Each structure stands twice: as C-alpha cells, then as structure tokens.
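Notes follow the structure.
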Amino acid sequence: MAEAWANALYPLSLKAQSAGLEPGTINPYVIRAMAEVNIDISKSSPTPLVNVIMTKSIFNYVITVCDESSSGKCPVFPSSSTKLHWNFPDPSKFIGNEEQVMKDVRKIRDSIKDKVSEFGKKIMYKK
Numbered sequence: 001m002a003e004a005w006a007n008a009l010y011p012l013s014l015k016a017q018s019a020g021l022e023p024g025t026i027n028p029y030v031i032r033a034m035a036e037v038n039i040d041i042s043k044s045s046p047t048p049l050v051n052v053i054m055t056k057s058i059f060n061y062v063i064t065v066c067d068e069s070s071s072g073k074c075p076v077f078p079s080s081s082t083k084l085h086w087n088f089p090d091p092s093k094f095i096g097n098e099e100q101v102m103k104d105v106r107k108i109r110d111s112i113k114d115k116v117s118e119f120g121k122k123i124m125y126k127k
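Rendered as structure tokens:
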C-alpha cells in the first residue's frame with residue numbers, strides 16, 4: 001500500500017518500489033481497499049529483496065513496513081540509504097468477518113496514506 005500511495009500521491013517526485021523477503025500475492029482485502037480509492041494494485045507484486053540487492057539499485061530512502069510483532073523479521077537493506085521503519089499491522093493477520101476485516105484494512109490504508117503524505121511533504125521541503 002505504501003508503494004501505491006507514494007506513486008499515486010507524488011508521481012513526479014517519488015518512485016517507490018516494494019520488496020520483501022518472501023514476497024507473495026497481495027492480500028485480496030488490500031486490493032479491494034485500494035480499489036475503493038481508485039488505485040489498482042491487482043497486477044502488482046513485490047519484488048524479492050534479493051533481486052533488488054543484486055541490481056545494486058540506489059535508493060535515497062529505504063522504508064520498512066512491518067508490524068511490531070514481526071519487526072525482528074523486517075528485511076535489512078545493505079546500503080547507505082536513509083532507513084526508516086513504519087510500524088503498521090499486517091492485514092493478513094486481521095480476523096473477523098469480511099466486514100470487520102475490510103474495516104480494519106481501510107483504517108490501515110488511510111493511516112499509510114497519511115504517513116506517505118507526511119513523508120513526501122518532508123522530503124519535498126528538504127530540496
């Protein structure tokens with residue numbers, strides 16, 4: 001969601017890329033929640049972190065997004081990039097009926113949007 005928000009909110013100034021230790025398919029609730037705000041991530045997929053490292057891409061910022069209970073498993077990116085960590089719950093761990101899960105995913109979606117927006121404004125004003 002953070003990648004999608006960054007690329008949607010700041011298409012001319014940010015280029016975000018998702019990567020993961022064990023990237024899989026995107027949670028269908030997340031796809032639906034993002035579609036509700038007209039962002040289609042249905043064809044997106046995170047890149048395996050090892051592939052990103054092997055390309056020797058240069059990033060100004062590396063932001064890990066993990067929930068507190070998984071922070072020890074959050075990937076480490078070996079670079080001189082500025083590193084930030086954003087603590088958000090993992091939508092795949094939400095329980096309840098469909099309505100409750102969607103409510104929780106929407107809350108995270110909106111919180112991530114706020115965080116990305118705040119981040120984008122900070123780095124834009126740094127320039």
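For the sequence shown, full-length UniProt numbering gives the first residue as 1, with consecutive numbering after it.
Built from N, CA and C at the ideal position, the CB exists for glycine as well.
Keep in mind it's a predicted model, so treat the numbers as computed, not measured.
For this session: Give the C-beta separation of D67 and P48 to the nearest angstrom, bearing in mind that I take them to be a contact with Cβ-Cβ under 8 Å.
Result: For the purposes of this step, residue 67 is taken as residue 67 along the sequence shown, with counting starting at 1. For the purposes of this step, residue 48 is taken as residue 48 along the sequence shown, with counting starting at 1. With 8 Å as the limit, D67 and P48 do not qualify as a contact, their Cβ atoms being about 21 Å apart.
Problem set entry | alpha helix (DSSP H) segment containing K113, residue limits | Residue mapping note: residue 113 aligns to position 113 of the sequence shown, counting from 1. Its alpha helix (DSSP H) spans residues 98 to 126.
For this session: Take the Cβ of M124 as the centre, count every other Cβ of all protein chains shown within 10 Å, and call the residue buried at 16 or more, exposed below.
Result: Reading the sequence shown from its first residue, position 124 is the one you call residue 124. Exposed, because fewer than 16 other Cβ atoms sit within 10 Å of the Cβ of M124.
For this session: Could you tell me the distance, in whole angstroms, from the CA atom of D99 to the CA atom of I53?
Result: The residue labelled residue 99 in the question sits at position 99 within the sequence shown. The residue labelled residue 53 in the question sits at position 53 within the sequence shown. At residue 99 the sequence reads Glu, which differs from the Asp that was named. Taking the straight line joining both Cα atoms gives about 39 Å.
Exercise. Under a three-way DSSP split, which group does V37 fall into?
Worked result: Position 37 of the sequence shown, counted from the start, is the residue given in the question as residue 37. V37 falls in the coil class under three-state DSSP.
For this session: Tell me, to the nearest whole angstrom, how far the beta carbon of V30 is from that of P91; I am working on the premise that it is less than 8 Å.
Result: In the sequence shown, the residue the question calls residue 30 occupies position 30. In the sequence shown, the residue the question calls residue 91 occupies position 91. The Cβ separation is near 5 Å, so the contact holds.
For this session: Output the distance between the C-alpha atoms of L84 and G96, rounded to the nearest integer angstrom.
Result: Here residue 84 corresponds to residue number 84 of the sequence shown, with the count starting at 1. Here residue 96 corresponds to residue number 96 of the sequence shown, with the count starting at 1. Whole-angstrom Cα-Cα distance: 31 Å.
Exercise. Is I63 buried or exposed, if buried means 16 or more other CB atoms sit within 10 Å of its CB?
Worked result: The residue labelled residue 63 in the question sits at position 63 within the sequence shown. It counts as buried.
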